[in-house]
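Visitor: Here's a structure for you.
2 protein chains.
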Amino acid sequence: MSEILVVGSLAYDSISTPAGKSDRTLGGSANYFSLAASLFAPVRVVGVVGEDYAETDMKLLTDRKVDVTGLQKKAGKTFHWAGAYDGNMNEAKTLQTDLNVFGDFNPELPASYRDSKYVFLANIDPTLQLRVLEQVSKPKLVGADTMNFWISSKRDELMKVLAKIDALLINEGEAEMLTGKTNAIAASDELIKMGPKAVVVKRGEYGFVLRTAEGFFILPAFPIANVVDPTGAGDTFAGAFFGTLAKSDRGLDLASLKEACVNGCLMASFTVENFGVASLRELSLAKLQSRGEAFNTITRL
Amino acid sequence: MSEILVVGSLAYDSISTPAGKSDRTLGGSANYFSLAASLFAPVRVVGVVGEDYAETDMKLLTDRKVDVTGLQKKAGKTFHWAGAYDGNMNEAKTLQTDLNVFGDFNPELPASYRDSKYVFLANIDPTLQLRVLEQVSKPKLVGADTMNFWISSKRDELMKVLAKIDALLINEGEAEMLTGKTNAIAASDELIKMGPKAVVVKRGEYGFVLRTAEGFFILPAFPIANVVDPTGAGDTFAGAFFGTLAKSDRGLDLASLKEACVNGCLMASFTVENFGVASLRELSLAKLQSRGEAFNTITRL
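This is the structure in structure tokens:
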């Protein structure tokens, strides 16, 4: 088992979906990721919060033994995002973004983090992703996510990130945008040429596509009739994915990647059942395993 | 092995996709269905064509031993549909519909068809679907498809159809429209209460959801990077689905349904690789089986 370093956002989100509303609920990629990954392996988090960040929210991480030495507390307010989903919940409409202390975030790794073997660069400015990577001495497996904003505004920097990472985890729409292709299969065929040895295209309610040099591994999402809030599903997937890989610590062999994808998919199915990180607070590996057995029945002849 | 009766359209389609154009190519639900199903079991077709219907197109069916006794040839032109797909090809934009002889189609079953055990009512007016059903003496398994037009204009008749059939095969968007639900899982939970013992929600590039009283069977589509023309994929799925069930002739047991869905999914993946019925002309069960083995690798841990 190895430690996982994650850099990403810690936020308060105001979310509206057909199932209801949740005001200033705990969110941010680093929170979803850490809560998911810490069920499998030790996590070290790098990020920034404001003075309004609640002690209880910090405790949520430390109770899971997440190392928060790399969490900066700055004068000002925590990053706040407001978004709304309608209909099929496949896409959020951003209503408001208050970067606050996240606006001039400059990730600095504590000395104790520099030997991290597993590194996940959640969706932040690719320049910062590269800066984090420079501070890690000898990572064994580096993964990253990104989004439409960086694809259009920082494409060159993003391509440098892709050349340096082992695994890319990316939404279907963004995979298509980055490659100019119109489906996840063609897009992953292109992405695998850009550097990563493994590409995971996250398809929301439709599951995922894993693409490696050996070929594809594709499964649907676990069936959830009542999706309450899809926010954080992708970061949850990444957390369980990295947690699984760090726990087995066998690198990028295909069997580990497949198991990592299935755990990512399953854990994301819990996240969407409630607002924010509510489901992840309660989740145990036993519950995940039980859903995994149901998933086998659902997807096997 | 039992005979399959199908009622549906025979058409000439003018299709435009990002991959190219195909003018007045052979199409229609009954053609896609018959070419797919006839690889597994004998097919009897009910439909109407115009005077312009080519002998070679008729021969395509008879070469496959499809019984065309129930095919009416009427004065006038064959049904013509013109449509265009863009981007991700998930939805066709209808440019023109010339019903022609299909406009006053009144399906009449030859006496030799009335003992058909497997019956598929492709997407036509639910009033006509019911009329066909009345003419079959003792079917063992009845399936149907439908579309947005009938859902909004003939809902009552459609509900009568649903009460009488064993299996509903329906597109995701139409499943959601019919139930007022916003995802395929919730929609299939509702549809199963409306009569059918098996509901198959067809998700295009994302595969399918099979819902029975016993639960779900869900798989992605076979990965196709270069989708040329998605027209007829759903009817191809239905053809291979019914063909598989009629060949094994074990009714609606879960193992048969699962195999039927996988064959439907695989055969549809061939259809989308070329315009119209071009792929189905060449397809053999050996090719299907070979793709099935690849599909197993792609979807298994």
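Residue numbers (our numbering), protein chains in the order written: chain A, 19 to 319; chain B, 19 to 319.
C-beta: ideal position from N, C-alpha, C; glycine also.
Could you compute how far the alpha carbon of Y224/A sits from the alpha carbon of A37/B?
Guide: 25 Å
Visitor: Closest to R221/A by C-alpha separation, out of C279/A, T262/A and G257/A, would be which residue?
Guide: C279/A
Visitor: Apart from the five residues just before and just after A286/A, which ones in its own chain have a Cβ nearer than 6 Å to its Cβ?
Guide: Around A286/A, the same chain offers A251, T254 and F255 as residues with beta carbons nearer than 6 Å, after the five sequence neighbours per side are excluded.
Visitor: What does I210/B reach in chain E if we use C-beta pairs closer than 8 Å?
Guide: Reference to chain E is not applicable here, since the protein chains of this structure are A and B.
Visitor: Does DSSP classify L57/A as helix, strand or coil?
Guide: coil
Visitor: Answer with yes or no whether the minimum CB distance from V245/B to chain A is below 8 Å.
Guide: Interface criterion met: the Cβ of V245/B is under 8 Å from a Cβ in chain A.
Visitor: Let me check one thing: in DSSP terms, what residues is V245/B bridge-paired to?
Guide: DSSP lists no partner for V245/B.
Visitor: On the DSSP letters alone, give me the boundaries of the beta strand (DSSP E) that Q114/A sits inside.
Guide: Looking at the DSSP string, the run of the beta strand (DSSP E) that includes Q114/A is A110 to D116.
Visitor: At the level of alpha carbons, what is the spacing between V217/B and P241/A?
Guide: 15 Å
Visitor: Give, in chain order, every residue of the segment 195-220 of chain B whose Cβ lies closer than 7 Å to some Cβ of chain A.
Guide: Within the segment 195-220 of chain B, the residues whose Cβ lies closer than 7 Å to some Cβ of chain A are T200, N201, I203, A204 and D207, listed in chain order.
Visitor: Grouping DSSP H, G and I as helix and E and B as strand, with all else coil, what is A216/A?
Guide: strand
Visitor: Tell me the DSSP secondary structure of V137/A in three-state form.
Guide: V137/A: strand per DSSP, three-state reduction.
Visitor: Closer than 7 Å by C-beta to K92/B: which residues in its own chain qualify, once you throw out the five before and the five after it? Chain order, please.
Guide: Around K92/B: V66, G68 and V119.
Visitor: Taking just the CA atoms, how far does L303/B sit from A55/A?
Guide: Between the alpha carbons of A55/A and L303/B lies a distance of about 45 Å.
Visitor: Mind listing the chain A neighbours of F234/B? Cutoff is C-beta to C-beta under 8 Å, in chain order.
Guide: The answer, in chain order, is P241 and I316.
Visitor: For the segment 256-288 of chain B, which residues have a CB atom closer than 9 Å to at least one CB atom of chain A, in sequence order?
Guide: A273, K276, E277 and V280
Visitor: Could you tell me the distance, in whole angstroms, from the CA atom of T112/B to the CA atom of I203/A?
Guide: 26 Å
Visitor: Output the residue ranges of the alpha helix (DSSP H) runs that lie fully inside the segment 146-194 of chain B and measure 4 residues or longer, sorted by chain position.
Guide: Complete alpha helix (DSSP H) runs here, min 4: 166-171 and 173-182.
Visitor: Note down, in chain order, every chain B residue with its Cβ under 7 Å from the Cβ of G363/A.
Guide: Past the boundaries of the shown model lies residue 363/A; chain A is included only from 19 to 319, so the question cannot be answered.
Visitor: How many whole angstroms separate the CB atoms of G26/B and S47/B, which I take to be in contact at a CB cut-off of 8 Å?
Guide: 4 Å
Visitor: Report the neighbours of G38/B on chain A: residues whose CB is nearer than 7 Å to its CB, in chain order.
Guide: Within 7 Å Cβ-Cβ: nothing; G38/B doesn't reach chain A, min ~14 Å.
Visitor: For D81/B, count the other beta carbons within 10 Å of its own beta carbon; 16 or more makes it buried, fewer makes it exposed. Which is it?
Guide: Under this definition D81/B is an exposed residue.
Visitor: What does N118/B reach in chain A if we use C-beta pairs closer than 8 Å?
Guide: Simply none; closest approach about 33 Å.
Visitor: Could you work out which residue in L275/B, L78/B and G45/B is closest to V61/B when comparing CA atoms only?
Guide: L78/B
Visitor: Grab the span of the beta strand (DSSP E) containing G44/B for me, first residue to last.
Guide: One detail in the question is off: residue 44/B reads as Leu in this sequence, not Gly. Unbroken beta strand (DSSP E) run through L44/B: G38 to G45.
Visitor: Given that L79/B touches chain A, what residues does it touch there, using C-beta distances under 7 Å?
Guide: By Cβ distance, chain A contributes nothing, its closest Cβ being about 31 Å from L79/B, past 7 Å.
Visitor: Which whole-angstrom value is the C-beta distance of P125/A and V64/A, which I expect to be below 8 Å?
Guide: Between the beta-carbon of P125/A and that of V64/A there is about 5 Å, and that keeps the pair under the 8 Å contact cut.
Visitor: Can you tell me whether DSSP reads F123/B as helix, strand or coil?
Guide: coil
Visitor: Excluding sequence positions up to five away, which residues of its chain have a Cβ less than 8 Å from the Cβ of A312/B?
Guide: F240
Visitor: Would you report the Cα separation of T87/B and N281/B, rounded to the nearest angstrom?
Guide: 27 Å
Visitor: Is A29/A helix, strand or coil by DSSP?
Guide: strand
Visitor: Assuming N141/B and T164/B form a contact by the criterion Cβ under 8 Å, report the distance between their Cβ atoms to the nearest whole angstrom.
Guide: 6 Å
Visitor: Measure the beta-carbon distance from D267/A to M19/A and round it to whole angstroms, keeping in mind my assumption that it falls under 8 Å.
Guide: 6 Å
Visitor: Closest by CA to L89/A, which one among W99/A, D104/A, E73/A and G101/A?
Guide: In terms of Cα proximity to L89/A, the closest of W99/A, D104/A, E73/A and G101/A is E73/A.
Visitor: Which residues in chain A have a C-beta closer than 7 Å to the C-beta of L306/B? List them in chain order.
Guide: Ordered by position in chain A, no residue passes the 7 Å Cβ test against L306/B, which lies about 15 Å from the chain.
Visitor: Run the CB neighbour count on A129/B, radius 10 Å, all protein chains shown included, and call it buried at 16 or more, exposed below.
Guide: exposed
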